[in-house]
Structures are given as C-alpha cells and as structure tokens.
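Novice: Numbering (the numbering used here), first residue to last: 13 to 254.
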Amino acid sequence: MAGFTITIAGDSALNLEFASSISAETSARIRLAAESLSADPIDGITELVPTFCSLMVYYNPLTVTFDELSAKLRGKLRDVGDADLSVRKIVPIPVCYGDDFGPDLPTVAAHAGLTEDEVVALHTGRDYLIDMLGFLPGFAYLGGLDARLHTPRLAVPRTRIEPGSVGIGGAQTGIYPLASPGGWQIIGRTPLKPYDPDRAEPILYAAGEYLRFVPITPEEYAAIEAQLAAGTYSYGIFVEGE
13 MAGFTITIAG DSALNLEFAS SISAETSARI RLAAESLSAD PIDGITELVP TFCSLMVYYN
73 PLTVTFDELS AKLRGKLRDV GDADLSVRKI VPIPVCYGDD FGPDLPTVAA HAGLTEDEVV
133 ALHTGRDYLI DMLGFLPGFA YLGGLDARLH TPRLAVPRTR IEPGSVGIGG AQTGIYPLAS
193 PGGWQIIGRT PLKPYDPDRA EPILYAAGEY LRFVPITPEE YAAIEAQLAA GTYSYGIFVE
253 GE
C-alpha cells in the first residue's frame, strides 16, 4: 500500500492520513486498510472510522501505546495492495423528483440555467462514489456531482427534512436517511430507507460503493412503498465490472 502519515488525535486515537484531496483511489486505499485491520485486528484497537482522506483508529492506551501501535500499523499495512477500481458495487436509488417530493428543484434549475428535466438528467446520469458515512446513520457523502448542479445551501435551513429526501448542498449531493433539520436544496425523495434498524443490514450501503439515482413517477413511488411494507421489494444491488 502506498504511504500514509500518522498523526495524534488525542490520548486514545490516531489518524492514518492517506492523501490531502478526495479521490476514488484514496477512498479505496482507506477501505482496504480498514478491511485489513478488521480481518486481522491489532490488540488494543477499539474502533475504526474511515473519512474522506484518512482512517481514524481508536485504541486503548492501557493495552498498546501510540508508538507501539504506530509501528504495528506500518508493518501490517505495508503489503496491502491497491483496490481494483474497475469493479464497482452499485446500489440503485429510485427517486421521485420535483413537486412535493423535491420543492427546491426549480431553484437548482434556475441557479444552473437549466430546465428541471435537464437537472434530473444530469443528476441521474452518473454513479456517485460513497466517500464516507457520517452526520446521521446512513448519510452518505457522495463524490462526483456535475459542476453545473453545484448550488449553495439554503440561507435559512429547514427545521425538518423528510426521510429519504435527496438534496444538493454546494458541491455535494446526498440522501437524508432520517427526519432532521437541514439546509440542502431538496430536489427529490426516495421511498427507500437508507437506514432501517429493523433490517438485517441496517445501513443500505457502505463507503466505497456507488449510488445510482433512478428517476421514478409518483405512482412508482407509491408502489415501491407498498412493496417495502410487504417485504417484497427487490433492491437490485449489483456488481459491475467483474
């Protein structure tokens, strides 16, 4: 694995810093490092937290010191290879755009100098790498939003964003997995639950995977809701490039 630097993050954590800018390659390296440390743990590590450009490692200082852990991390991760970026796990996300589902779609269109249909076409025209999860359970920070869709956040955030709302905040797009306050421009909503504590895998996707937004009609939205309630919905997750 290519080099990383180690920095102190308090008395019981350190950071493995892999790069200074976000990229698919950096995300893959962080994911491989986390997978390696999870598969063959170092005694004393208590938690791993992947972020945009680094991996935070929490540890018990009564079990392993900073210097000891740093040496073990350098040794363990020295031979970890690079990920095959041609193979991608893709999670389709059906989205109903505009109207009550996406009240800010006209704002985004006007800011971009595009029609609403053109905004939807751009938003659904590419896959989005999940760089990291955070903020809320299942909130994915996505890379790759078309620059034409970059839109400032709301001047006054809403006190409640509906679960499943798909929004744009500056240079990023994402899904609100739970009801919460928020300042992103809401352009649509998915009937899926990115986070469901009653599901075998509570979070629908993971860092390093890709989301593919798929436009649907209000009628299709209602049909998917019914299928989810009945437990008959097929998520259609697949791997591309194998």
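Where a beta carbon is used, it is the ideal one built from N, C-alpha and C, also for glycine. Being a predicted model, the structure only gives us computed values, none of them experimental.
1) By how many angstroms is the C-alpha of Tyr109 removed from the C-alpha of Pro236?
2) Pairing CB atoms from the stretch 199-213 with CB atoms from the stretch 117-137, are three or more of them under 8 Å?
3) Have a look at Pro104, Arg165 and Gln239 and flag the residue whose alpha-carbon is nearest the alpha-carbon of Thr119.
4) Can you give me the C-alpha to C-alpha distance between Ile18 and Ser50, rounded to a whole angstrom?
5) If we count the other Cβ atoms within 10 Å of its Cβ and call it buried at 16 or more, is Arg43 buried or exposed?
6) Label Ala121 either buried or exposed according to how many other C-beta atoms from any shown protein chain fall within 10 Å of its C-beta, with 16 as the threshold for buried.
7) Does DSSP put Val99 in a helix, a strand or coil?
8) Please report the distance separating the alpha-carbon of Tyr222 from that of Ala83.
9) Does the Cβ of Gly15 have 16 or more other Cβ atoms within 10 Å, making it buried, or fewer, making it exposed?
10) In this structure, what does DSSP give as the bridge partners for Glu221?
11) Can you tell me which residues form a DSSP beta bridge with Glu29?
Specialist: From the atom records:
1) The amino acid occupying residue 236 in the given sequence is Ile; Pro does not appear at that position. Going by the C-alpha atoms only, they are around 15 Å apart.
2) yes
3) Arg165
4) 18 Å
5) buried
6) buried
7) coil
8) 33 Å
9) exposed
10) The partner list for Glu221 (beta bridge, DSSP) is empty, contrary to what the question assumes.
11) Thr17 and Ser66
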